[in-house]
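> Residue numbers (our numbering), protein chains in the order written: chain A, 1 to 321; chain B, 1001 to 1260. In this text, a Cβ means the ideal position worked out from N, Cα and C, and glycines have one as well. Take this structure first; my questions come after.
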């Protein structure tokens, strides 16, 4: 069941002269008619180089930016008609957004708990539970302006999960966190999905994180969705798995002859020979080597990474490729 | 419309102000300075010309301070949200702009009540003027000063909600826009005719004039009291719609661009 459905979403910033800046801006298509759905319990990655339209889309999904046209539905309801009712069940956190600095962490949580419709008792329970999980309970009486960048990010995450949301939009949530805390956040995200069926729309520049968490990834480029696939398949679309073998000196000649006979490209570095190969062909390849009596002394398998895909995408956007 | 969400914003603003001494003292300080300046100027005029103007001008100073200071406070709350980059948090929550407007209005009641009590006590101690001597007229007048404060507040807020904190100076300029045309400390007749026309279109003029006339003559000019209500009602609708329209216009460009 889809909890979020987006159809033909368009955002065009019209070109006009600002009264105060006196600069003329050209019309700019930030999002160009994208459609997608987020399923219940799904962690959907939202990737793309800077300026691809990720943040613009998230802003429209949160109603802080009005789309030029298109439809957004949460839980089968029109977002523009049922905004407040829907947002009670939608959490949001971004590394780049902070809480009011003049209030204590607890006061901030309490205010947002009330905005999300929690009762007094629910607020006490939820604030305690979330602040404890994110290691902030001891800082509850501290003004939020005195929190470190990592603590602020964790405070935003606490706010996002305060009202037991069904959908959470996370914009680079771990960008300012130490690796161990970032890992805790990933564990928390998975727990929320497994225990409560929470769905996530997730942007990150950490490709390992996206690979680890997301079951599906949407790739945006210049306002268009150019790919919708699993992280593994996206990575494989730009690079093959590479197998590197250390071949015994007496078998090297036979091995190279075998590769040439089967039109298999390779690179050689001393005793080491690296061969790009499909993952599912590895077992058969190694079996053939054993039949030929070719002995290898070490083996390493390098899978393609989502980062390879992203790097190629960025280069394409910058016109390098 | 959910009143508990609006009240959450109001109490959030109150909590922030209570913990911010400069912010807490500023409206009281500036209102007191105005009261002192006007009071002593009126005392000097009274002692040199014999015209009995102290109580009327002190009353006018209190009325204007409530209107402009509470108006500025409402706009200031918005500026604080902009400086804190909190607008995104607020409007990604279920809070609607109507609820924010109601929150500002609720905050205005509390600010106006506190300021009124403070200024009444100060006027009594320094100039022997008892604002409560106006009797039952106090209630309609205070309601009108509060409504005028909302008008000033929403008018002044309509710029930063679209242009952000870079127009902070305009917030203060807009807040004082009505002052010269409201005949606060002088008769309307000393103003040029075109300025008098403007004054007759402003609720602040009628609100202050009813008070001054009562203090000076003991008479209540009912039609002017009625005009204050009528114009405040019209202006409040206009400025609220203006503020809401500016908010919607701002959302077309994206609220995140207002981040400080």
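1) What does the alpha-carbon distance come out to for the pair residue 139 of chain A and residue 1012 of chain B?
2) If I measure Cβ to Cβ from residue 1148 of chain B and keep anything under 7 Å in the same chain, skipping five residues before and after, which residues do I get?
3) Anything in chain B within Cβ reach of residue 102 of chain A, meaning under 9 Å, just list it in chain order.
4) Sorted by chain position, which residues of the same chain lie with C-beta nearer than 6 Å to residue 1106 of chain B's C-beta, five sequence neighbours on each side aside?
5) Keeping to the same chain, check which residues put their C-beta closer than 6 Å to that of residue 69 of chain A; ignore five residues upstream and five downstream.
6) Please return the same chain residues whose Cβ sits closer than 7 Å to the Cβ of residue 297 of chain A, not counting the five positions on each side in sequence.
7) Under the three-state reduction of DSSP, which class applies to residue 1262 of chain B: helix, strand or coil?
8) Taking only beta-carbon positions, decide if residue 1188 of chain B is within less than 7 Å of chain A.
9) For the alpha helix (DSSP H) that contains residue 304 of chain A, what are its first and last residues?
10) Alpha carbon to alpha carbon, how far is residue 184 of chain A from residue 65 of chain A? Give it in angstroms, no decimals.
11) Spell out whether any CB of chain B is found under 7 Å from the CB atom of residue 92 of chain A.
12) For the stretch 132-146 of chain A against the stretch 1107-1115 of chain B, are there 3 or more C-beta pairs whose distance is under 8 Å?
13) Rounded to the nearest angstrom, what separates residue 1095 of chain B and residue 143 of chain A at their Cα positions?
14) How would you label residue 49 of chain A, buried or exposed, when you count the other beta carbons within 10 angstroms and need 16 or more for buried?
15) Measuring CB atoms only, is the stretch 1156-1171 of chain B touching the stretch 1077-1097 of chain B, in the sense that at least three cross pairs come out at less than 8 Å?
16) Name the chain B residues that come within less than 8 Å of residue 112 of chain A, Cβ to Cβ?
17) What is the DSSP secondary structure of residue 28 of chain A, reduced to helix, strand or coil?
18) Where does residue 322 of chain A fall in DSSP's three states?
19) From which residue to which residue does the beta strand (DSSP E) around residue 1214 of chain B run?
20) Mind pulling the chain A residues with CB within less than 9 Å of residue 1224 of chain B?
21) Find the residues of chain A that neighbour residue 1008 of chain B, judging by a C-beta separation of less than 8 Å, and give them in chain order.
22) Given that residue 54 of chain A touches chain B, what residues does it touch there, using C-beta distances under 7 Å?
23) Going by the DSSP bridge assignment, what does residue 92 of chain A pair with across the sheet?
24) Return helix, strand or coil for residue 297 of chain A, following the three-state DSSP convention.
25) Does residue 1100 of chain B pass the burial test, meaning 16 or more other C-beta atoms within 10 Å, or should it be called exposed?
26) Looking at the strands, I want to know which residues DSSP matches up with residue 276 of chain A.
27) Going by beta carbon distance, what residues of the same chain come within less than 6 Å of residue 1028 of chain B, once the five residues before and after it are set aside?
28) Decide if the stretch 32-48 of chain A is in contact with the stretch 196-214 of chain A; the criterion is three or more beta carbon pairs, one per stretch, under 8 Å apart.
29) Could you tell me whether any non-hydrogen atom of the ligand GTP is closer than 6 Å to the CB of residue 1114 of chain B?
30) Starting from residue 1167 of chain B, trace the alpha helix (DSSP H) both ways and give me its first and last residue.
31) Distance check for residue 15 of chain A and residue 1250 of chain B, CA to CA, integer angstroms please.
32) Just to confirm my understanding: we take residue 1130 of chain B, look at its own chain, exclude 5 residues before and 5 after, and list those with CB closer than 6 Å. What are they?
33) Going along chain B, which residues have a C-beta under 7 Å from residue 198 of chain A?
34) Do residue 1006 of chain B and residue 114 of chain A come within 7 Å of each other at the CB atom, strictly closer than that value?
35) Taking one C-beta from the stretch 1138-1154 of chain B and one from the stretch 1028-1046 of chain B each time, how about it: are there three or more such pairs within less than 8 Å?
36) Would you mind stating whether residue 337 of chain A and residue 91 of chain A have Cβ atoms separated by less than 7 Å?
Inspection of the coordinates gives the following:
1) Looking at the backbone, the Cα of residue 139 of chain A and that of residue 1012 of chain B are separated by about 19 Å.
2) For residue 1148 of chain B, the CB contacts under 7 Å within the same chain, skipping 5 residues up- and downstream, are 1067, 1203, 1204, 1207 and 1232 in chain order.
3) Residues of chain B passing the Cβ test: 1015, 1016, 1017, 1019, 1020, 1023, 1080 and 1084.
4) Excluding residues within five positions, the ones whose Cβ falls inside 6 Å are 1010.
5) Excluding residues within five positions, the ones whose Cβ falls inside 6 Å are 10.
6) Only 246 and 248 meet the Cβ criterion.
7) There is simply no residue 1262 of chain B to check, as chain B begins at 1001 and stops at 1260 in what is shown.
8) No - not a single Cβ of chain A is within 7 Å of the one on residue 1188 of chain B.
9) Here residue 304 of chain A belongs to no alpha helix (DSSP H), and DSSP marks it neither H nor E.
10) Their backbone Cα atoms lie some 31 Å apart in a straight line.
11) At least one chain B Cβ lies under 7 Å of residue 92 of chain A.
12) Taking one beta carbon from each stretch, the stretch 132-146 of chain A and the stretch 1107-1115 of chain B have fewer than 3 pairs nearer than 8 Å; the two do not touch.
13) So the two alpha carbons sit approximately 23 Å from each other.
14) Per the 10 Å Cβ criterion, buried.
15) Yes: the two stretches touch, three or more of their Cβ pairs being nearer than 8 Å.
16) Neighbourhood of residue 112 of chain A in chain B, by CB distance below 8 Å: 1089 and 1093, in chain order.
17) Reduced to three states, the DSSP call for residue 28 of chain A is strand.
18) A query on residue 322 of chain A cannot be resolved here, the shown segment of chain A reaching from 1 to 321 and no further.
19) Going by DSSP, residue 1214 of chain B is part of no beta strand (DSSP E) but of the alpha helix (DSSP H) stretching over 1203-1217.
20) Per Cβ cutoff of 9 Å: no residues; residue 1224 of chain B is ~37 Å from chain A at best.
21) Within chain A, the residues near residue 1008 of chain B are 111, 114 and 115.
22) Proximity of chain B to residue 54 of chain A at the Cβ level (cut-off 7 Å) is not reached, the minimal Cβ distance being about 13 Å.
23) According to DSSP, which records beta bridges pairwise, residue 92 of chain A is partnered with A:169.
24) It is a strand residue.
25) Residue 1100 of chain B is buried by the Cβ-count criterion.
26) Note: residue 276 of chain A sits in a beta bridge opposite A:242.
27) When the five nearest sequence neighbours on each side are left out, the beta carbons in the same chain lying within less than 6 Å of the beta carbon of residue 1028 of chain B are those of 1118, in order along the chain.
28) Taking one beta carbon from each stretch, the stretch 32-48 of chain A and the stretch 196-214 of chain A have 3 or more pairs nearer than 8 Å; the two touch.
29) The model depicted lacks the ligand GTP and carries no ligand whatsoever.
30) Note, residue 1167 of chain B: premise wrong, no alpha helix (DSSP H); not H, not E.
31) Near 15 Å, if we compare the C-alpha coordinates of residue 15 of chain A and residue 1250 of chain B.
32) The answer, listed in chain order, is 1124.
33) Correct list: empty, because the minimum Cβ distance to chain B is about 17 Å.
34) Going by C-beta atoms, residue 114 of chain A is not nearer than 7 Å to residue 1006 of chain B.
35) Contact fails: fewer than three Cβ-Cβ distances are below 8 Å.
36) The question about residue 337 of chain A has no answer here: the residues shown for chain A are numbered 1 through 321.
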